[in-house]
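Below: the structure, in structure tokens.
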Amino acid sequence: IRLGRWVQEAACFYLATRQKRSADAPLSISINISAKEFHQPGFVEQILSIIRDTGANPHLIKLELTESVLLKNVEEAIGKMKALKAQGLGFSLDDFGTGYSSLSYLKRLPLDQVKIDRSFVRDLIQNANDAAIARTIVDLARTLGLEVIAEGVETEEQRSMLAGYGCHAYQGYLFSEPLSSEMAWSIHEHSLPDGRT
516 IRLGRWVQEA ACFYLATRQK RSADAPLSIS INISAKEFHQ PGFVEQILSI IRDTGANPHL
576 IKLELTESVL LKNVEEAIGK MKALKAQGLG FSLDDFGTGY SSLSYLKRLP LDQVKIDRSF
636 VRDLIQNAND AAIARTIVDL ARTLGLEVIA EGVETEEQRS MLAGYGCHAY QGYLFSEPLS
696 SEMAWSIHEH SLPDGRT
């Protein structure tokens, strides 16, 4: 819990600092939230307090949750998500399709994005089942009005195949290895409008 709070504070402080440095290149940030953090009493108040204290723009913050976070108590999860969404925060469902996905709760959650898990992307080219699952996730997300991002994209062939399905946001080694915050910001500041460097 203490480590999670530190990560939240550091991410929001970093975002607020970057907002002041460059209003022309708004940077959004995603923060992974564990089930233990999300279900602790006072989680909503804690996040909002950190945002107020750091001056971070809540509209540029996305909280990433896994299905395990939401399965424990769906009604509680929806309530917390709606309270935070009302303040401008967004939500991403991480590792989609690897847990016990239930379409009945998926349609009720105030999500903005789903992430195709790397386990489906890794063998996308060679495995027809993985390709079918990835394509289905993209179609489902679009039908529900959600953004979709593919994790673990390492080859141009994977990116091209996902683009053919309608997925146009990716993360993975095809684009970059993990970077320090300073290096990532330097690349962000020198990006072209379409995201190319």
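Every number in this note's numbering is 515 more than the matching position in the sequence shown, counting from 1.
Yeah, the Cβ is synthetic: ideal placement off N, Cα and C, and Gly gets one too.
Straight-line Cα distance separating residue j from residue i
i: M596; j: I562; result: 11 Å
i: D568; j: L575; result: 16 Å
i: T658; j: L639; result: 22 Å
i: N572; j: W521; result: 18 Å
i: A713; j: G594; result: The chain is shown only over 516 to 712; residue 713 falls outside these bounds and no answer can be derived.
i: E697; j: K577; result: 20 Å
i: G667; j: Q641; result: 15 Å
i: L586; j: L624; result: 12 Å
i: I652; j: L626; result: 14 Å
i: Y685; j: A665; result: 5 Å
i: P541; j: V663; result: 20 Å
i: T610; j: L604; result: Per the sequence presented here, residue 610 reads as Asp, with Thr not at that position. Taking the straight line joining both Cα atoms gives about 20 Å.
i: S675; j: G557; result: 43 Å
Residue environment, residue i, which counts as buried when at least 16 other CB atoms sit within 10 Å
i: E582; result: buried
i: D654; result: exposed
i: Y688; result: exposed
i: I565; result: buried
i: Q673; result: buried
i: I516; result: exposed
i: G681; result: exposed
i: F635; result: buried
i: T712; result: Because T712 carries a pLDDT of 36, less than 50, the predicted location of this residue cannot be relied on, and no value is offered for it.
i: G660; result: exposed
i: Q628; result: buried
i: S607; result: buried
i: K622; result: exposed
Close Cβ partners of residue i (< 7 Å) along its chain, the five nearest in sequence each way excluded
i: A598; result: V559
i: I648; result: G612 and F635
i: E669; result: G687, Y688 and L689
i: R633; result: E666 and G667
Cβ distance (whole Å) where residue i is taken to contact residue j below 8 Å
i: E579; j: I546; result: 7 Å
Same chain, Cβ closer than 8 Å to residue i, five either side skipped, listed in chain order
i: G519; result: I548, S549, K551 and E552
Own chain partners of residue i with C-beta closer than 6 Å, once the 5 adjacent residues on each side are dropped
i: Y620; result: V589
i: A592; result: L585
i: A646; result: L639
Any chain B beta carbon closer than 8 Å to residue i
i: E524; result: Checking the listed chains, one finds no chain B in this structure; it contains a single protein chain.
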